[in-house]
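In my numbering, the protein residues as written are 1174 to 1634.
Built from N, CA and C at the ideal position, the CB exists for glycine as well.
The structure under discussion appears below in the form of structure tokens.
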Amino acid sequence: MLMAANNNTKTGKFQVEERLQSLDNADLYDLIHTLMDKKPELYQLVLEWFKEKQEYTQESGTNSDFVPLNDSLLFEYWENARSIISEFNEYGGGPEDDEYEAYGYLEDISELIIEGNISAIAKIEFLDAAFEEYNYGNSGFEDALMDVFFNICQTKEEWEYLVKKLDEQPSNWRQKLVMDIQRSFLHNDEAYLKVRMETLHYGLDYWDLVEFYSGKGDSLKALEMAEEGILKGEGKLTELFEFLLAHFAKKGDTANLERIVHTALSRQTEEKNMLDRLFEYYKSQGDYERAKENLLKSFGFTGRHGSYYAEYKRIKGFLKEPDWNSIEPEIFNAIKEKDLYDYLRICLEKDMKETVIGSLLNLNTPIYNQGLSIEDGFNGLADELACDFPEKVIEYYWKKGYGNIPRGDRKTYRFAAKNLGKVKGIFIDILKDETTWIKRFSDLKSEFKSRPAFLDEVKHL
């Protein structure tokens, strides 16, 4: 009976294929039309099937008109993407699977654009439709849509239409996009400058003008805008200061170099960067005294701009021995006040091991968190001292491990286990005292016997 059923299945399948092959054009059309009515998604598959056939005939040397087919596929992909993007706009997001699906359709559109066979009318209609979702601005797809908009525009008329769509809802970001289009794609310097000069607020606004004039070969105007920018611009001014410093350094104009750095100091921006560059300039000129002066000034702005340890090494490497011996105590004490970790790194290099281990033992017990880089640094110092002070390093790690047990969750337990593993390593590998470790660890487990999650995290020790 089973064999008969299998034969019937094979026979039925064969009969379907045979019947399909026997259909005339009218019946075949009726079948496909019926299927598309019941499964609208089949329409896209049919279009893609025809596209493959068109590509095949083109490779064979037959002329084929891709444009109407690509236009249809463009809007099919867009409607599929739009159904998701519209829902994301309504709710401010959505399922990750839907997000990936929408991005996939936008990639399909991009591939059609790369082929270059989309009509100008279809592009305009697409921009109108897609901007309805872009203007809503709550889907999270805005950047991806703008990438598609920029890719789809190729002619002057298309870029101008994109400018028109952007201008319908003015904003600072849209103004920037319009300026990019006027400058880079429409090459309309007058239109670009009109908008640009109306929106000079941030340092990067001025830098945009500096790049524009530099590209035009107008170095005087570029310098003028850079000078204005370091005085009036807000926010990031790095590029402007570096542009001016490089210009005057090339000319050997020390008066203006000093003026630019003074401006940075008076505006309380880019101080360390500019002082470092002035130091490098005088160093390259062999002017030791001025280089030293700016290097020491730069040290005062280290803080969030760099590593005190690296600055200590840099100053030591540059200064002449008498100058270094004179200034080193002041720098050393300043670092002690500013950055304990870098101070202890220097202490270790100066063979002040007692100071380092004492400071480590006085640290507050860290609670597990997501940013453990500083704690890892302190651990590195402790590891370097393990052979010299094994008992004290044991207490350092025991304190860190024990202190994270009472708060009780898996993350703090893992952190505790990591530190207890360090304790075990010192007992066994350095002190050769496994007995004491076993006793101390056993007592710890007894103390926290009511915490099965903790016991589970340390079961490997």
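{"query": "For residue 1375, write down the residues that DSSP places opposite it in a beta bridge.", "result": "1407"}
{"query": "What residue range does the alpha helix (DSSP H) around residue 1325 cover?", "result": "1315 to 1325"}
{"query": "What three-state label does DSSP hand residue 1443 in the structure shown?", "result": "coil"}
{"query": "Quick check: the segment 1512 to 1525 against the segment 1488 to 1502, are there 3 or more CB pairs under 8 Å?", "result": "no"}
{"query": "Hey, could you find the ends of the alpha helix (DSSP H) residue 1143 is sitting in?", "result": "With the chain covering 1174 to 1634 only, the question about residue 1143 has no answer from this structure."}
{"query": "Could you tell me whether the segment 1397 to 1405 touches the segment 1359 to 1371, using the rule of 3 or more Cβ pairs below 8 Å?", "result": "no"}
{"query": "In three-state terms, what does DSSP make of residue 1631?", "result": "coil"}
{"query": "Just checking my contact of residue 1344 with residue 1262 at CB under 8 Å: how many whole Å lie between their CB atoms?", "result": "Residue 1344 to residue 1262, Cβ: 17 Å. No contact."}
{"query": "Who are the Cβ neighbours of residue 1542 in its own chain at under 8 Å, not counting the five residues just before and after it?", "result": "Model confidence at residue 1542 stands at a pLDDT of 49, short of 50, so the residue's coordinates are unreliable; what they give is reported in the following sentence. Here the set comprises nothing."}
{"query": "Have a look at residue 1284 and residue 1361 and give me their C-alpha separation to the nearest angstrom.", "result": "29 Å"}
{"query": "Return the chain-ordered list of same chain residues with a C-beta closer than 8 Å to the C-beta of residue 1488, the five sequence neighbours on each side being excluded.", "result": "1468, 1469, 1472, 1497, 1500 and 1504"}
{"query": "Under the rule that 16 or more other beta-carbon atoms within 10 Å means buried, what is residue 1585, buried or exposed?", "result": "buried"}
{"query": "Taking its Cβ as the centre, do 16 or more other Cβ atoms sit within 10 Å of residue 1464, making it buried, or is it exposed?", "result": "buried"}
{"query": "Using only alpha-carbon positions, find the residue among 1303, 1330 and 1425 that is nearest to residue 1138.", "result": "This structure cannot settle anything about residue 1138, because the visible part of the chain is limited to 1174 through 1634."}
{"query": "Using 8 Å for Cβ pairs, my map puts residue 1258 next to residue 1275. What's the rounded Cβ distance?", "result": "6 Å"}
{"query": "If you reduce the DSSP assignment to three classes, tell me which class residue 1606 lands in.", "result": "coil"}
{"query": "Quick one: Cα of residue 1334 to Cα of residue 1466, how far?", "result": "57 Å"}
{"query": "Tell me, to the nearest whole angstrom, how far the beta carbon of residue 1630 is from that of residue 1583; I am working on the premise that it is less than 8 Å.", "result": "7 Å"}
{"query": "Determine the closest residue to residue 1476 out of 1613, 1443 and 1455, with distance taken between C-alpha atoms.", "result": "1443"}
{"query": "Cα-Cα, which of 1380, 1424, 1417 and 1430 is closest to residue 1129?", "result": "Any answer about residue 1129 is impossible in this case: the structure gives the chain only from 1174 up to 1634."}
{"query": "Tell whether a beta-carbon distance below 8 Å holds between residue 1329 and residue 1350.", "result": "no"}
{"query": "Considering residue 1589, what are the terminal residues of the alpha helix (DSSP H) in which it resides?", "result": "1583 to 1598"}
{"query": "By a C-beta neighbour count over all protein chains shown, 10 Å radius and 16 as the cutoff for buried, is residue 1342 buried or exposed?", "result": "exposed"}
{"query": "Within 10 angstroms of its Cβ, does residue 1599 collect 16 or more other Cβ (buried), or is it exposed?", "result": "buried"}
{"query": "Give me the Cα-Cα distance between residue 1279 and residue 1270, rounded to the nearest whole angstrom.", "result": "15 Å"}
{"query": "So, under 8 Å CB-CB, residue 1247 and residue 1293 are touching, yes? Tell me the CB distance rounded to an integer number of Å.", "result": "The Cβ separation is near 12 Å, so there is no contact."}
{"query": "Give a yes or no on contact between the segment 1407 to 1414 and the segment 1423 to 1432, applying the rule of three or more CB pairs nearer than 8 Å.", "result": "no"}
{"query": "May I ask you to report which of helix, strand or coil DSSP gives residue 1360?", "result": "coil"}
{"query": "Following the continuous alpha helix (DSSP H) through residue 1345, name the residue where it begins and the one where it ends.", "result": "1345 to 1353"}
{"query": "At what residues does the alpha helix (DSSP H) containing residue 1490 begin and finish?", "result": "1481 to 1491"}
{"query": "Quick one: what's got a C-beta closer than 8 Å to residue 1233's C-beta in the same chain, skipping five residues either side?", "result": "Interpretation of residue 1233 is limited by its pLDDT of 46, a score under 50 that renders its predicted location unreliable; no figure is taken from the coordinates."}
{"query": "Looking at C-alpha atoms only, which residue of 1364, 1502, 1573 and 1455 is the closest neighbour of residue 1431?", "result": "1455"}
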